[in-house]
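According to UniProt numbering, the stretch in the sequence shown is residues 1 to 728, in order.
Quick reminder that beta carbons are idealized off the backbone N, C-alpha and C, glycines included.
Comments concern the structure below.
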Amino acid sequence: MYRATYVRFFIWSSIMLSILIIPFSLFFADRFSHYAYEQAGEFNQEKIGQTVERTQYMLMKLKLYSLNIYEDQSIQNWMYAQTDDELVDAEALRVLTKYLANEPFIDRAYLINTRLEKGISSTIGLARFPEFPDNEILLYLDANRPEFLRYFDHRTGDDSYLALIVPSTPARKEYYGYLVVLLDKKKLQKLFLTDHAETGNGLMILDDSGSLILGDSSGLDLEKLNNTRKSTDSGSYELVDNGVKWFVNYTAMPPQNWMMYSFTDLKNFQRKAQSFQWAIVMCSLLLLAVLFLAAFWHSKRFFGPLRRLADQLQRKVGLQAKNEYGVIEQGVELLRNHFSLIKAEYLRQWILQGRLYQSTREAISRESELLAFDLIRLVVIKIDSYSTFSEKYDFSSRRLMKYAMGNIAEELLREPGRVIEFVDFGGDHIVVLVGEANPDGDLIGALQTVRREVEKSTGLNITIAASDARHVHDDLRKVYDEISDLTMFKFISGDDKIYTSQDYESYLQTQRTLLDDTLTEHLIQSVRSGNEERMLSMLEELFLQLQTMKYSECKFQLNLLFFTIVKSFNKLTSIQSVESIENHLKHFSTLSEVSDWLKEELLRIINLLTSRKGFSRKDKVVEEMVEYVHYHIHDPMLSVDEIAEHVSLSKKYVRQLFDEVRGVSISNYILNTRIDKVKELLRNTDLPITDIFEQSGFQTKSHFFTAFKKAMGMTPNQYRLSSNEANA
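The structure is reproduced here in structure tokens:
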């Protein structure tokens with residue numbers, strides 16, 4: 001960008017930074033010590049409150065879990081057994097072990113049967129009272145009535161545990177069986193108290209007598225700590241102990257009658273606060289200097305790429321504006337307007353190649369939710385009487401009409417659990433891809449609604465064929481070819497319906513018994529080439545064969561012959577306006593009448609093909625050819641024959657016309673377009689060479705490498721390297 005721009009940007013940035021940083025840093029340094037003290041207290045109180053909630057939740061969860069263990073039928077059978085039974089003992093130990101395996105906070109558990117004076121330890125198994133490993137718990141049970149589901153501190157040997165006895169009830173009832181659960185204090189402390197230790201705070205839990213339950217006292221006088229606090233459930237105060245000043249927060253734990261304390265050394269806090277105040281002042285000055293340099297460097301670095309981007313847009317797209325911002329804004333708007341075209345390009349590539357390459361999958365996934373479904377259905381919507389349609393509308397209008405058809409289909413087919421995408425292939429049809437969460441949904445009914453709405457809104461008669469649900473990794477090209485052919489079946493059956501894959505078998509059956517493949521093929525070729533004499537000869541020979549057949553066979557073969565002609569010249573034949581071929585044949589009473597009508601029809605088609613060669617808007621036809629090439633460039637089977645059929649001209653004239661308007665043969669244009677596609681992918685992607693040659697429509701690797709090297713004078717790898725070096 002212009003030099004004044006980045007200088008101006010730097011000056012304004014420096015002024016704004018100075019205004020923001022200097023006053024703020026001074027104010028912040030002055031207020032920090034006052035504010036930090038208040039916030040520390042609030043933060044610690046909130047933190048300790050959260051810890052209390054989590055601790056009480058976990059302790060209550062462990063209580064409920066202990067009750068579940070106690071209520072287990074196998075445990076109950078053992079506790080209230082009046083005689084020894086090894087099977088009951090074994091089952092109780094197995095069940096106890098199973099429960100403990102699912103709860104890591106329980107270190108061990110005991111089952112006590114006072115009637116039989118024996119117990120089960122989860123660590124050593126069954127033992128009589130004299131040999132029981134934890135004699136202290138037996139003495140506790142004998143001397144005390146357990147409080148109502150209250151945890152208490154229990155020591156055995158050198159280890160301390162948080163213990164819970166079940167059942168524990170205020171009712172004066174004699175029990176002969178108890179469950180004793182010992183919780184691992186280290187694990188509980190690690191879960192609830194570690195985050196406080198990391199922030200420099202101490203945390204501990206005291207019972208109602210002031211004894212330590214969990215945590216580390218850090219040498220504090222616990223009695224003084226407990227006596228100094230106010231008689232409230234939560235709060236904070238300062239405590240001086242052994243010359244050290246502490247800030248203490250506390251919160252009650254009502255169910256257990258415990259109290260949780262959080263304590264912070266104020267000396268360390270004050271020292272850190274003062275240090276931070278000085279650091280704020282010094283660092284603010286240093287930061288300001290660094291930001292000045294960064295602002296200057298960033299202004300040049302930031303506006304440089306913007307200018308290069310604007311230059312590229314001007315060179316490649318020809319955008320013009322007053323400044324770089326205007327050029328980039330136009331480029332973004334252009335990209336937004338062409339978003340649907342980019343998506344359609346990837347969808348065409350997928351359908352024509354059949355395979356879903358990784359790069360294609362990633363691109364479609366970015367721009368559509370279609371691949372969120374594993375199963376899709378392919379629908380072809382074909383315009384009937386395309387020759388009449390082409391005569392009525394010019395090239396641009398035809399494209400808009402097909403776009404309107406796609407929008408209608410998308411609007412009517414879309415529903416929750418269904419994604420719709422459509423793409424125009426430049427011919428007499430569009431393809432709709434339907435992703436469905438429920439492939440058994442009523443798609444056919446929805447397609448019937450689409451057909452009625454299209455015919456109502458556009459006045460076009462259409463034929464719709466839909467595939468079964470297919471996996472996204474199936475050969476979509478094969479499905480596309482089948483469903484495209486299936487739209488022609490209407491000319492045999494005459495049924496005005498939505499055609500499905502089930503109708504495809506009937507369609508194939510009509511093609512297994514064609515009259516004479518060779519004669520029929522020669523007849524079609526003679527019409528395409530405009531050879532009237534040869535056409536009449538082939539037609540006469542075909543009807544000579546028909547005269548030797550029975551009536552039913554002759555009628556069937558005539559249907560097939562008409563269908564072949566309609567399929568080959570569907571944009572020119574007048575049969576498209578008749579309900580069906582069979583109904584059309586009913587207008588004739590003799591085979592001779594059929595022959596005469598067919599001669600006139602084929603001569604009319606030849607005249608149409610011939611007359612189209614002399615029309616003045618040659619550039620429009622060539623434009624249609626070019627669009628068809630770009631739409632089908634991914635298709636390895638793209639040929640001049642296919643393009644000639646698309647524009648309803650002979651192959652010879654298509655070659656002549658394209659060369660006349662474009663100055664290059666159509667075959668070379670297809671090859672050059674593929675080479676340009678390869679160059680674009682080599683420059684702008686990291687795709688492997690194998691994927692690039694397949695996405696560009698080349699049939700073989702050898703042809704790909706030979707054609708590219710002949711055109712560019714280097715291999716694809718060499719071109720990619722040189723392109724990367726040029727852009728570096």
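The beta carbon of Asp374 sits closer than 7 Å to those of His471 and Val472, all from its chain and outside the five residues before and after it, given in chain order.
By the criterion of a C-beta distance shorter than 6 Å, Lys118 is surrounded in its chain by Arg128, once the five residues flanking it on both sides are discounted. Here the stretch 94-108 does not lie against the stretch 199-213, with fewer than 3 beta-carbon pairs under 8 Å apart. Listed in chain order, the alpha helix (DSSP H) elements of length 4 or more contained wholly in the stretch 224-253 amount to none. Check the Cα spacing between Met637 and each of Trp246, Ser667 and Gly697: the tightest is with Gly697.
In the DSSP annotation of this structure, His632 is not part of any alpha helix (DSSP H), being labelled neither H nor E. Taking all protein chains shown into account, Ala289 has fewer than 16 neighbouring C-beta atoms within 10 Å of its C-beta and is therefore exposed. Counting only the Cα atoms, Gln82 lies some 32 Å from Pro104. Rounded to whole angstroms, Ile666 and Phe658 show a C-alpha spacing of 6 Å. Taking 8 Å as the cut-off, the beta carbon of Ile120 is found no closer than this to the beta carbon of Val181. Annotation: the continuous beta strand (DSSP E) that includes Val166 extends over Asp159 to Val166. A distance below 8 Å separates the beta carbons of Leu225 and Leu239. With a cutoff of 8 Å on beta-carbon distance, Asp475 and Ser501 are scored as not near each other. Residue pairing by DSSP leaves His703 without any beta bridge partner. Apart from the 5 residues on each side of it in sequence, Asp641 sits with its Cβ closer than 8 Å to the Cβ of Lys651 in its chain, given in chain order.
Where Met535 is concerned, the enclosing alpha helix (DSSP H) starts and stops at Glu532 to Gln547.
For Ala437, there is no enclosing beta strand (DSSP E), as DSSP marks it with neither H nor E.
Cβ contact annotation for Gly177 (same chain, cutoff 6 Å, sequence separation greater than five): Met79, Tyr80 and Asn113, in chain order. Between Lys185 and Leu214, the CB-CB gap stays under 8 Å. Each residue's CA atom was taken as its position, placing Ile75 and Tyr261 some 38 Å apart. Taking the Cα positions, Asp216 is about 19 Å away from Thr228. Assignment of Leu638 by DSSP, reduced to helix, strand and coil, places it in the coil class. Comparing alpha carbon positions, the residue from Pro688, Gln695, Arg674 and Arg604 closest to Phe708 is Arg674. Cβ neighbours of Asp496 within its own chain (closer than 6 Å, five residues either side excluded): none. Counting along the chain, Lys651 sits inside no beta strand (DSSP E); it lies in the alpha helix (DSSP H) bounded by residues Lys651 to Arg662. Linking Val379 to Asn461 through their CA atoms gives a straight-line distance of about 16 Å. Nearest neighbour of Lys267 by Cα position, chosen from Pro254, Met282 and Lys245, turns out to be Lys245. By DSSP's assignment, Val88 forms no beta bridge with any residue. Under the 10 Å beta carbon count, Tyr35 is surrounded by fewer than 16 other beta carbons and is classified as exposed.
Beyond the five residues adjoining it in sequence on each side, Glu627 comes within less than 6 Å, by CB distance, of Gly426 in the same chain, given in chain order. Annotation: Ile444 to Lys478 spans about 21 Å, alpha carbon to alpha carbon.
The stretch 551-561 and the stretch 675-686 do not touch, with fewer than 3 CB-CB distances between them shorter than 8 Å. Going by DSSP, Leu203 is part of the beta strand (DSSP E) stretching over Gly202 to Leu206.
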